[in-house]
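Novice:
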Amino acid sequence: MSEKKEKLAGNGAVVSGGIGASALWFLDQGHPLIAVMSGLWAYKPVREGISRLISGSFDLPEAWLHNKKLMIEAQGASERQVVQKFTDEAGKAVSESPSLKIRAESYAETIVEKKQATRENIARKTLEHLSDGGVPEEASTPSEDFMRSFEGVAEKASSEELQDMMARILAGEIRKPGSVSRIALSIADVLDKNIIESMLFIKPYLISSNWVCTDSLSHDQLLSHANLLSSVRITTEMGPRSFGFLEAGYAVHAYASGAILIKLKDKQSAFKFTPQADGFNLSIPGRELMSLIPDQNTVSIEAIAENYRKNEFIGDILVGTIETIDGQSRFVPKSL
Numbered sequence: 001m002s003e004k005k006e007k008l009a010g011n012g013a014v015v016s017g018g019i020g021a022s023a024l025w026f027l028d029q030g031h032p033l034i035a036v037m038s039g040l041w042a043y044k045p046v047r048e049g050i051s052r053l054i055s056g057s058f059d060l061p062e063a064w065l066h067n068k069k070l071m072i073e074a075q076g077a078s079e080r081q082v083v084q085k086f087t088d089e090a091g092k093a094v095s096e097s098p099s100l101k102i103r104a105e106s107y108a109e110t111i112v113e114k115k116q117a118t119r120e121n122i123a124r125k126t127l128e129h130l131s132d133g134g135v136p137e138e139a140s141t142p143s144e145d146f147m148r149s150f151e152g153v154a155e156k157a158s159s160e161e162l163q164d165m166m167a168r169i170l171a172g173e174i175r176k177p178g179s180v181s182r183i184a185l186s187i188a189d190v191l192d193k194n195i196i197e198s199m200l201f202i203k204p205y206l207i208s209s210n211w212v213c214t215d216s217l218s219h220d221q222l223l224s225h226a227n228l229l230s231s232v233r234i235t236t237e238m239g240p241r242s243f244g245f246l247e248a249g250y251a252v253h254a255y256a257s258g259a260i261l262i263k264l265k266d267k268q269s270a271f272k273f274t275p276q277a278d279g280f281n282l283s284i285p286g287r288e289l290m291s292l293i294p295d296q297n298t299v300s301i302e303a304i305a306e307n308y309r310k311n312e313f314i315g316d317i318l319v320g321t322i323e324t325i326d327g328q329s330r331f332v333p334k335s336l
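Be aware that the sequence shown starts at 1, since it is given in our numbering, and climbs by one per residue.
Following this line, the structure appears as structure tokens:
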């Protein structure tokens, strides 16, 4: 038995309801946030969610064998005999071939070790993300249905980017139960580095955290990202979108980096039609996942405003912020 397995099977083992500080053996004791992360262990939702993620893989062999037994028992007599015969012969072949037995054991140990290492890395990252912002009062242990789906997706995450994304999903679900749907998890199952990079790229161009107008950046620059994200249902397909001009001939677009007030060249046009531009919306599960990723692609509100000047219908453009005064939101331009 390897050193890791001895440690897991000993007093430091993490069980589904583990509460001891020894359960934090998987953390690097030299981690700069070790004190904060250890403190988070006092929260039941954090403790149970992380424990379930780490210890879940050790229940798999027994559960798998039990389910396989039920499947065989449910089969007809003839099918059962065929399956049993195959099992006996396969077992005999392995037992009579030392090299086969060694390779089978090595394969099983390698797979389990890799899956477990992935779970532990995601657990560490989850605690890191929970350390940033704390755990709110409404935090709750993720449901059994969520964890079953999450574990299956998480242990397949091979890259650091994917593991970080899965950690953000678990942290988000602990903080706000029900914030990540089963559909969002099914999309997370097909995420890769390129998809995550596309999500990071478009995030600063989102208007009201919901849609992207192609006038805000180079169409050619956006096209590949838009096509990739729509192919996995994170966004809708690109098509005409309304600018949302008021009768007074202006529209206000809110971005993460600020806000833009756009004025039509011809205000009368607002009475006759609403100018449109190509764009796309986030899907509902797309919004769930997008809310979890960091703001790594820094784009200034001035740069976004400059891109809008290419539209032939647009006149003046002001940059500023949206402030709430006496319960009313209004655009406040930046002072020159």
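Glycine included, C-beta positions come from ideal geometry on N, C-alpha and C.
(1) Within the continuous beta strand (DSSP E) that includes F280, where are the two ends?
(2) Keeping to the same chain, check which residues put their C-beta closer than 6 Å to that of D411; ignore five residues upstream and five downstream.
(3) Counting along the chain, where does the alpha helix (DSSP H) carrying V232 start and finish?
(4) Measure the C-alpha to C-alpha separation of I187 and S231 and round it to an integer number of angstroms.
(5) Run the CB neighbour count on P240, radius 10 Å, all protein chains shown included, and call it buried at 16 or more, exposed below.
(6) Which residues in the same chain have their Cβ closer than 7 Å to the Cβ of D326, if we skip the five residues on either side of it in sequence?
(7) Below 8 Å between beta carbons: does that hold for C213 and G279?
(8) Using only CA atoms, which one of P177, F150, H219, P204 lies nearest to N311?
(9) Who are the Cβ neighbours of L289 in its own chain at under 6 Å, not counting the five residues just before and after it?
(10) Would you list the one or two residues that DSSP bridges to Y250?
(11) If we ignore side chains and look at the alpha-carbon of each, how far apart do E6 and F146 end up?
(12) Count the other C-beta atoms from every protein chain shown that fall within 10 angstroms of the C-beta of E155, then say buried if there are 16 or more, exposed otherwise.
(13) Taking the alpha-carbon positions, what's the D295 to V190 distance?
(14) From the DSSP output, read off the bridge partner residues of V319.
(15) Near K267, what residues of its chain come up, given a Cβ to Cβ distance below 6 Å and the 5 sequence neighbours on each side ignored?
(16) How many angstroms separate the CA atom of E306 from the CA atom of P333?
(17) Could you round the C-beta distance between R287 and S209 to whole angstroms and report it? I think they count as a contact, below 8 Å.
(18) So if DSSP puts F331 in a beta bridge, which residue, or which two residues, is it bridged to?
(19) Once the 5 residues before and after S179 are set aside, which same chain residues still bring their CB inside 7 Å of it?
(20) Below 8 Å on the Cβ atoms is my guess for S198 versus L229; work out the distance and round it to an integer in Å.
(21) Give every residue of the same chain whose Cβ lies closer than 8 Å to the Cβ of W211, excluding the five residues on either side of it in the sequence, and list them in chain order.
(22) Go to P240, then tell me how far its beta strand (DSSP E) extends in each direction, as first and last residue.
(23) Just how far apart, CA to CA, sit D316 and Y308?
(24) Could you spell out the range, first to last residue, of the beta strand (DSSP E) harbouring V212?
(25) In whole angstroms, give me the CA-to-CA distance for V46 and L264.
(26) Mind listing, in chain order, the continuous alpha helix (DSSP H) runs of no fewer than 4 residues lying wholly within the region 107-194?
(27) Let me know the secondary structure DSSP gives L200 once reduced to three states.
(28) Since Y255 sits in a beta bridge, which residues does DSSP pair it with?
(29) Among E138, S143, S335, which residue has its Cα nearest to the Cα of E48?
(30) Taking the alpha carbon of R52 as the point to measure from, which residue in E113, I111, E120, K114 has its own alpha carbon closest?
(31) I54 and A123: beta carbons closer than 8 Å?
(32) Give the single residue among S224, F245, G244 whose Cα lies nearest to the Cα of M238.
(33) Quick check on this structure: which residue in I301, E302, S335, N297 has the alpha carbon closest to the alpha carbon of I196?
(34) Report yes if the C-beta distance between I202 and H253 is below 8 Å; otherwise report no.
(35) Applying the criterion that 16 or more other CB atoms from any shown protein chain within 10 Å of the CB defines a buried residue, is Q116 buried or exposed?
Specialist: On the basis of the coordinates in this document:
(1) 276-281
(2) In the structure displayed, the chain extends from 1 to 336; residue 411 sits before or after that span and is not available.
(3) Looking at the DSSP string, V232 is not in any alpha helix (DSSP H), and its letter there is neither H nor E.
(4) 10 Å
(5) exposed
(6) none
(7) yes
(8) H219
(9) A184
(10) K263
(11) Interpretation of E6 is limited by its pLDDT of 32, a score under 50 that renders its predicted location unreliable; no figure is taken from the coordinates.
(12) buried
(13) 22 Å
(14) I260
(15) G249
(16) 15 Å
(17) 7 Å
(18) I322
(19) G172, E173, E288
(20) 5 Å
(21) R241, G279, F280, N281, L282
(22) 239-242
(23) 10 Å
(24) 211-213
(25) 51 Å
(26) 144-154, 160-175, 182-188
(27) helix
(28) G258
(29) S143
(30) E120
(31) yes
(32) S224
(33) N297
(34) no
(35) buried
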